[in-house]
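Q: Below: one structure in structure tokens.
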Amino acid sequence: MAASIRLISRLTLVTGGGSGIGRAVCQRLASEGASVVVADINQESADETFSSLPDNLRGQVHMATVVDVSLKDSVKKLVTNIQTRYFQPPSVCVNTAGITQDEFLLNMEEEQFDRVIQVNLKGSFLVTQAVAQALVACGASKGSIITVGSIVGKVGNLGQANYAASKAGVEGLTRTAAKELSRFGIRCNCVLPGFITTPMTDKVPEKVISKITTLVPLGRMGEPAGKIRHFYISDYISYFSAHFLHLI
Numbered sequence: 667m668a669a670s671i672r673l674i675s676r677l678t679l680v681t682g683g684g685s686g687i688g689r690a691v692c693q694r695l696a697s698e699g700a701s702v703v704v705a706d707i708n709q710e711s712a713d714e715t716f717s718s719l720p721d722n723l724r725g726q727v728h729m730a731t732v733v734d735v736s737l738k739d740s741v742k743k744l745v746t747n748i749q750t751r752y753f754q755p756p757s758v759c760v761n762t763a764g765i766t767q768d769e770f771l772l773n774m775e776e777e778q779f780d781r782v783i784q785v786n787l788k789g790s791f792l793v794t795q796a797v798a799q800a801l802v803a804c805g806a807s808k809g810s811i812i813t814v815g816s817i818v819g820k821v822g823n824l825g826q827a828n829y830a831a832s833k834a835g836v837e838g839l840t841r842t843a844a845k846e847l848s849r850f851g852i853r854c855n856c857v858l859p860g861f862i863t864t865p866m867t868d869k870v871p872e873k874v875i876s877k878i879t880t881l882v883p884l885g886r887m888g889e890p891a892g893k894i895r896h897f898y899i900s901d902y903i904s905y906f907s908a909h910f911l912h913l914i
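Every letter in the sequence shown is one number past the one before it in our numbering, and letter 57, counting from 1, is 723.
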């Protein structure tokens with residue numbers, strides 16, 4: 667089957683789709699034939715991604731919308747609006763929404779710690795829960811939920827106690843979700859990127875970037891790409907769940 671039509675008729679939701687990894691994922695899924703819901707906290711960013719998506723394949727209807735993944739009501743409204751628009755919940759969900767608020771442990775404010783946990787960890791929980799609930803309620807035969815961890819959640823990083831904790835938590839969340847949701851045909855997997863060039867890393871000092879790249883086998887930062895997420899979504903690997911893919 668041609669690569670460009672593997673995801674025809676699949677409805678996909680990407681949180682954090684307005685930039686970086688999320689935008690790359692949206693573009694990749696759309697190129698494979700999926701209808702993509704671009705959800706981001708910034709409507710303008712979501713619209714920019716929406717405008718970049720191909721829609722020339724059968725049945726493709728994309729949508730750009732706002733969501734604050736840290737708020738349950740916002741997430742519930744998102745899923746409800748999707749079902750109203752498409753008459754079905756998304757069968758594919760990619761949780762790429764995330765933030766950083768870096769500061770050394772000795773100086774980090776409680777609010778900085780809490781906010782990163784709320785978006786990165788609680789947000790992944792709320793979106794995963796809402797999508798899974800919708801899939802189970804409608805009797806869907808299958809679903810695929812992808813979370814985004816980080817190599818930082820494995821090894822830690824200076825000035826990122828909050829981010830490291832949030833991403834380590836995402837791994838635990840994914841493992842448990844995979845165990846609980848497998849009986850409903852819903853697969854849950856996690857991608858753990860290394861150091862990828864995104865708007866978040868644009869704020870990192872150059873001397874820190876230089877130090878980071880010395881730890882990467884290829885000696886450089888990675889570029890956002892959606893191919894790995896597509897790998898998890900494909901029915902060709904329908905036996906994969908609770909799998910963690912490290913990208914360094």
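Here a beta-carbon is modelled for each residue, glycine too, at the ideal position from N, C-alpha and C. Predicted model, so just to flag it, every value in this text is computed and none were measured.
Are at least three pairs of beta-carbons, each pair with one atom in the region 836-844 and one in the region 700-717, less than 8 angstroms apart?
A: The region 836-844 vs the region 700-717: no contact.
Q: Determine, using beta-carbon pairs with one atom in the region 727-736 and one in the region 768-777, whether at least three such pairs fall under 8 angstroms.
A: Because the criterion of three Cβ pairs below 8 angstroms is not met, the region 727-736 and the region 768-777 do not touch.
Q: Bridge partners of E769, per DSSP?
A: Partner(s): Q826.
Q: Using 7 angstroms as the threshold, is the C-beta distance between V793 and V735 below it?
A: Contact: yes.
Q: Is it buried or exposed for A827, if we count other Cβ within 10 angstroms and need 16 for buried?
A: Classification of A827: buried, given that the 10 Å Cβ count is 16 or more.
Q: For a test of the three-state rule: what should DSSP assign to D734, helix, strand or coil?
A: Coil.
Q: With the cut-off set at 7 angstroms, would you say V785 and I765 are in Cβ contact?
A: Against a cut-off of 7 angstroms, the Cβ pair of I765 and V785 comes out as a contact.
Q: Report the option in A843, L677, A800, S701 whose CA atom is closest to the CA atom of Q726.
A: The shortest Cα separation from Q726 among A843, L677, A800, S701 belongs to S701.
Q: Span of the beta strand (DSSP E) holding I812?
A: Taken as a continuous stretch (DSSP letters only), the beta strand (DSSP E) holding I812 covers 809-814.
Q: Determine the contact status of G682 and T715, defining contact as a CB-CB distance below 7 angstroms.
A: In this structure, T715 does not lie closer than 7 angstroms to G682 by Cβ.
Q: Hey, is the region 750-761 in contact with the region 791-807, meaning 3+ C-beta pairs nearer than 8 angstroms?
A: With the cut-off at 8 angstroms, the region 750-761 and the region 791-807 touch.
Q: Grab the span of the alpha helix (DSSP H) containing L679 for me, first residue to last.
A: Note, L679: premise wrong, no alpha helix (DSSP H); beta strand (DSSP E) at 677-681.
Q: On the DSSP letters alone, give me the boundaries of the beta strand (DSSP E) that V704 sits inside.
A: First-last of the beta strand (DSSP E) with V704: 701-706.
Q: Grab me the residues of I674's own chain with a C-beta within less than 7 angstroms of its C-beta, minus the 5 sequence neighbours each way, in chain order.
A: Closer than 7 angstroms at Cβ, skipping near neighbours: G699, L723, R724, G725.
Q: In whole angstroms, give me the CA-to-CA distance for V782 and L771.
A: Going by the C-alpha atoms only, they are around 14 angstroms apart.
Q: With C804 as the anchor, note down where its beta strand (DSSP E) starts and where it stops.
A: Segment: none, C804 is in no beta strand (DSSP E) and carries neither H nor E.
Q: If the criterion is Cβ atoms closer than 7 angstroms, does the pair P755 and L801 meet it?
A: Taking 7 angstroms as the Cβ cut-off, P755 and L801 qualify as a contacting pair.
Q: Measuring straight from C-alpha to C-alpha, what distance separates I817 and F779?
A: Distance between the alpha carbons of I817 and F779: 19 angstroms.
Q: By Cβ distance, which residues of its chain are closer than 6 angstroms to D768, with the 5 residues on each side in sequence left out?
A: The residues are G825, Q826.
Q: For the putative contact between V745 and V797, defined by C-beta atoms under 8 angstroms, what is the C-beta separation to the nearest angstrom?
A: The Cβ separation is near 6 angstroms, so the contact holds.
Q: If I'm right that K808 touches S757 with Cβ under 8 angstroms, what's the distance once you round it to whole angstroms?
A: Indeed they touch by this definition, with Cβ atoms about 7 angstroms apart.
Q: Based on Cα-Cα distance, which residue from P859, T842, N823, G819 lies nearest to A831?
A: Minimum Cα distance to A831 is reached at G819.
Q: Distance, Cα to Cα, T840 vs I687?
A: Cα-Cα distance, rounded: 19 angstroms.
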